[in-house]
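To convert, note that position 123 of the sequence shown is 123 in full-length UniProt numbering; the numbers rise steadily by one, no gaps.
Heads up: the structure comes next, in structure tokens.
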Amino acid sequence: MNVRRPSAKADINITPLIDIVLVLLIVFIVLVPGLSRALDVAVPRVAGPSPDRGPEVPVVVTLDGEGRLFLQREEVTLATLRERLVPVVMLQPLGLRRVFLKVDGELAHERAVQVLDQIRVASDQARRETRARPGFQDEDGGAVKVALTRLKAT
């Protein structure tokens, strides 16, 4: 006959575990303040706001399906785009200079490339004029970023 004796359940003694956890906690509490004081951080100081910073107004050049060219909703020609675009770009804050080119999806790529070339020439001219200012210091040199988007066909 198989008779089993009732055995006592084994209990897990967690007292040593709690002791170890408390010792580790105390070690971390003692060491962490010393570590945070050991880090020497040099925070850059700013003398004041840049005088070139102004409100950011997006510069938008639009080329519609009929081939008409607009700068900020004002119609311009390809020949006058560069000279009209430079002062508008110069008003943009440094580091945030962007020109958005919106092109109708049905328009030939050649016309869009011509407009894009004029925008790049104008942005280079604006960059040169910005660098020529006395006391000018900027990492990107007044660079202008160009974003191209397509108008949705209606």
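Backbone N, C-alpha and C fix where the C-beta goes; we use that ideal spot for every residue, glycine too.
Start and end of the alpha helix (DSSP H) containing residue i?
| i | result |
| --- | --- |
| E110 | H109 to R131 |
| L78 | L78 to M90 |
Once DSSP output is grouped into helix, strand and coil, what is the label at residue i?
| i | result |
| --- | --- |
| L96 | coil |
| T154 | A caution first: T154 carries a pLDDT of 47, below 50, which makes its placement in the model too unreliable to give a value. |
| P16 | helix |
Identify, in the order they occur along the chain, each residue of the same chain with its Cβ nearer than 7 Å to the Cβ of residue i, setting aside the five sequence neighbours on each side.
| i | result |
| --- | --- |
| I119 | V61, L85, V99, L101 and V146 |
| T154 | Residue confidence is low: T154 scores 47 on pLDDT, short of 50, so the model does not pin down where it sits. No coordinate-derived value is stated. |
| A112 | L63 and V103 |
| V121 | R82 |
| R73 | none |
Which residues does DSSP list as the beta-bridge partners of residue i?
| i | result |
| --- | --- |
| T62 | F70 and K102 |
Using C-beta distances below 8 Å, list every residue in its chain close to residue i, excluding the 5 sequence neighbours before and after it, in chain order.
| i | result |
| --- | --- |
| L69 | V61, T62, L63, E75, V76, T77, L78, L81 and V115 |
Take residue i and list the residues in its own chain whose beta-carbon comes closer than 6 Å to its own, dropping the five residues that flank it on each side.
| i | result |
| --- | --- |
| A108 | none |
| V23 | none |
Under the assumption that residue i contacts residue j (Cβ atoms under 8 Å), give the Cβ distance between them as a whole number of angstroms.
| i | j | result |
| --- | --- | --- |
| M90 | E129 | 7 Å |
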